[in-house]
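Q:
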Amino acid sequence: MSNALSPPRLRWPRLHLFELIDQDWCPTTVRNHSTDYLATVSQKMGLFDAVAPLLQRGLEAGATDTLLDLGSGGGGPLPRLRELLEREKGLRTRVLQSDLFPNTGARERALASGVEYLAQPVNATRVPSELGGMRTLFNALHHFRPQQALQVLADAQRQRAPIGIFEVVERSPRGVLSSLLIPVLVLLFTPLLRPLTLSRLFWTYGVPVLPLAIFWDGLVSALRAYRPEELRHMTESLSQAGYTWEVGQARMPGKPGVTYVLGLPANL
């Protein structure tokens, strides 16, 4: 696995700066409000709708009806994608969300909508074997350094679990410039969040901590994001019989492209 730590040289090197919500000292209020916002945006805008066929392939390869989401934060796009899979593919799925820092509010909302959210922390690099299903990570892989990202992939392969990793953030001039719009988007989207608490309103409009914090994390996400060339380098280092890796971009008209890694067990 060490070869994966020497990725191909690219014009724009990856910078692993710190994201606020990754820090142990980040106040729970700021972390939860930030991840709630990100989950609402991905849901309302359908940023990941293009990956529904990839989820179908993973579920079929794993002979499972369960989607195990890692790094769910405030919820993520799986509730919307579950509806798409049922409406367009005729697949009924069980969604199980998890996070290293479980979001209590998101868990309550998930349970109310029929989606499960684990109360205990789950480390994406060492997923308990009793948690089966197709693993997913949405806009989460860039939180991991290369060695840790490789461990996320290797753990799925070792347990012969299908995995789909999906990112709309990208390390490019466009990705960095897009992050400049984040403070405005936070101000516009906050009224759509539920529950719309006094705390959220205060930290958004009274003292604009959330627009600035989410902007910083969005900018850092773009600088951290893995390029497809780097992801191919990682997956090639894991190549073994009985498990296949695919790296590409899923696209849908009117929406940003989604960089993905799809790992599929064979001959289950």
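Residue 255 in my numbering sits at position 258 of the sequence shown; the count goes up by one each step and never skips. By construction, the Cβ of each residue, glycine as well, lies at the ideal position given by its N, Cα and C atoms. Small disclaimer: the values here were computed from a predicted structure and weren't measured.
Using CA coordinates, which residue listed in Thr201, Ser236, Trp242 and Leu259 is at the minimum distance from histidine 30?
A: For this step, residue 30 is matched to residue 33 along the sequence shown. Of the listed residues, the one whose Cα sits closest to histidine 30 is Thr201.
Q: For the beta strand (DSSP E) that arginine 132 lies in, which residues bound it at each end?
A: Indexing the sequence shown from 1 puts residue 132 at position 135. Segment 131 to 135, the beta strand (DSSP E) holding arginine 132.
Q: Which residue's Cα is closest to the Cα of leucine 138: Val38, Val166 and Glu113?
A: The residue you call residue 138 lines up with position 141 of the sequence shown. Checked all of Val38, Val166 and Glu113; the closest Cα to leucine 138 is Val166.
Q: Which residues bound the alpha helix (DSSP H) around threonine 232?
A: Looking up residue 232 in the sequence shown gives position 235. 225 to 234 is the extent of the alpha helix (DSSP H) around threonine 232.
Q: Using a Cβ-Cβ cutoff of less than 7 Å, which residues in the same chain neighbour arginine 269 once the five nearest sequence positions on both sides are dropped?
A: This structure cannot settle anything about residue 269, because the visible part of the chain is limited to -2 through 265.
Q: List the DSSP bridge partners of alanine 247.
A: The residue you call residue 247 lines up with position 250 of the sequence shown. DSSP lists Val255 as partners of alanine 247.
Q: How many whole angstroms separate the CB atoms of glycine 172 and alanine 222, which I take to be in contact at a CB cut-off of 8 Å?
A: For the purposes of this step, residue 172 is taken as residue 175 along the sequence shown, with counting starting at 1. For the purposes of this step, residue 222 is taken as residue 225 along the sequence shown, with counting starting at 1. The pair is a contact, with the Cβ atoms about 7 Å apart (cut-off 8 Å).
Q: Please list the segments of the beta strand (DSSP E) lying wholly inside the stretch 117 to 177, counting only runs of 3 or more residues, in order along the chain.
A: Secondary structure remark: continuous beta strand (DSSP E) runs of at least 3 residues inside the stretch 117 to 177, in chain order: 131 to 135 and 160 to 164.
Q: Start and end of the alpha helix (DSSP H) containing threonine 101?
A: Along the sequence shown, one-based indexing puts residue 101 at 104. Start and end: 101 to 109.
Q: Closer than 8 Å by C-beta to valine 124: which residues in its own chain qualify, once you throw out the five before and the five after it? Chain order, please.
A: Here residue 124 refers to the residue found at position 127 of the sequence shown. Cβ neighbours of valine 124 beyond the five flanking positions: Leu65, Leu67, Arg132, Asp152, Ala153, Gln156 and Ala158.
Q: Out of curiosity, what's the CA-to-CA distance linking isoleucine 160 and arginine 8?
A: For the purposes of this step, residue 160 is taken as the residue at position 163 of the sequence shown. For the purposes of this step, residue 8 is taken as the residue at position 11 of the sequence shown. Spanning the two alpha carbons is a distance of roughly 29 Å.
Q: My assumption, with CB atoms under 8 Å, is that alanine 49 sits in contact with lysine 86. Please give the rounded CB distance.
A: The count along the sequence shown starts at 1 and reaches residue 49 at position 52. The count along the sequence shown starts at 1 and reaches residue 86 at position 89. That pair is a contact at about 7 Å.
Q: Tell me the DSSP secondary structure of arginine 28 in three-state form.
A: Locating residue 28 in the sequence shown gives position 31, counting from the first residue. Correct three-state label for arginine 28: helix.
Q: What's the C-alpha gap between leucine 177 and threonine 122?
A: Locating residue 177 in the sequence shown gives position 180, counting from the first residue. Locating residue 122 in the sequence shown gives position 125, counting from the first residue. Between the alpha carbons of leucine 177 and threonine 122 lies a gap of roughly 31 Å.
Q: Does the stretch 209 to 216 touch the stretch 15 to 25, meaning 3 or more C-beta pairs lie closer than 8 Å?
A: yes
Q: Just to confirm the assignment, what range does the beta strand (DSSP E) spanning valine 206 have?
A: Translated into the one-based positions of the sequence shown, residue 206 becomes position 209. Where valine 206 is concerned, there is no enclosing beta strand (DSSP E), although the alpha helix (DSSP H) it sits in stretches over 206 to 221.
Q: Compare the Cα-Cα distances from glutamine 117 to each of Asn100, Leu195 and Ala107 and report the closest residue.
A: Translated into the one-based positions of the sequence shown, residue 117 becomes position 120. Selected option, being the one with the closest Cα: Asn100.
Q: What residues in its chain sit with their C-beta under 6 Å from that of lysine 252, if we drop five residues either side in the sequence?
A: Here residue 252 corresponds to residue number 255 of the sequence shown, with the count starting at 1. There are no such residues.
Q: Threonine 241 to serine 196, Cα distance in whole Å?
A: Position 244 of the sequence shown holds residue 241. Position 199 of the sequence shown holds residue 196. Roughly 46 Å between the two C-alpha positions.
Q: What are the start and end residues of the beta strand (DSSP E) that includes arginine 91?
A: Against the sequence shown, residue 91 aligns to sequence position 94. 91 to 94 is the span of the beta strand (DSSP E), which, as asked, contains arginine 91.
Q: What is the C-beta distance between valine 244 and leucine 228, in whole angstroms, given that I count them as a contact (C-beta under 8 Å)?
A: In the sequence shown, residue 244 corresponds to position 247, counting from 1. In the sequence shown, residue 228 corresponds to position 231, counting from 1. Taking the Cβ atoms as the reference, valine 244 lies roughly 5 Å from leucine 228, within the contact range of under 8 Å.
Q: Is the beta carbon of leucine 207 less than 8 Å from the beta carbon of valine 183?
A: Within the sequence shown, residue 207 is the residue found at index 210, counting from 1. Within the sequence shown, residue 183 is the residue found at index 186, counting from 1. It is a contact, given that the beta carbons lie within the stated cut-off.
Q: For glutamate 113, which beta-bridge partners are listed by DSSP?
A: Your numbering for residue 113 matches position 116 in the sequence shown. For glutamate 113, which the question treats as bridged, DSSP gives the partners Leu93.
Q: Name the two residues that bound the continuous alpha helix (DSSP H) containing leucine 64.
A: To locate residue 64, count along the sequence shown from 1; it is residue 67. Element bounds for leucine 64: not the alpha helix (DSSP H) but the beta strand (DSSP E), 63 to 66.
Q: Given arginine 106, which residues of its chain have a CB within under 7 Å of its CB, disregarding the five upstream and five downstream residues?
A: Residue numbering aside, residue 106 sits at position 109 when the sequence shown is read from its first letter. The answer, listed in chain order, is Gly72.
Q: When DSSP labels each residue in this structure, what does leucine 261 get in the three-state scheme?
A: Counting from 1 along the sequence shown, the entry for residue 261 is found at position 264. Three-state result, leucine 261: strand.
Q: Beta carbon of proline 262, beta carbon of glycine 130: below 8 Å?
A: Here residue 262 refers to the residue found at position 265 of the sequence shown. Here residue 130 refers to the residue found at position 133 of the sequence shown. No; because the gap between Cβ atoms is not below 8 Å, this pair is not in contact.
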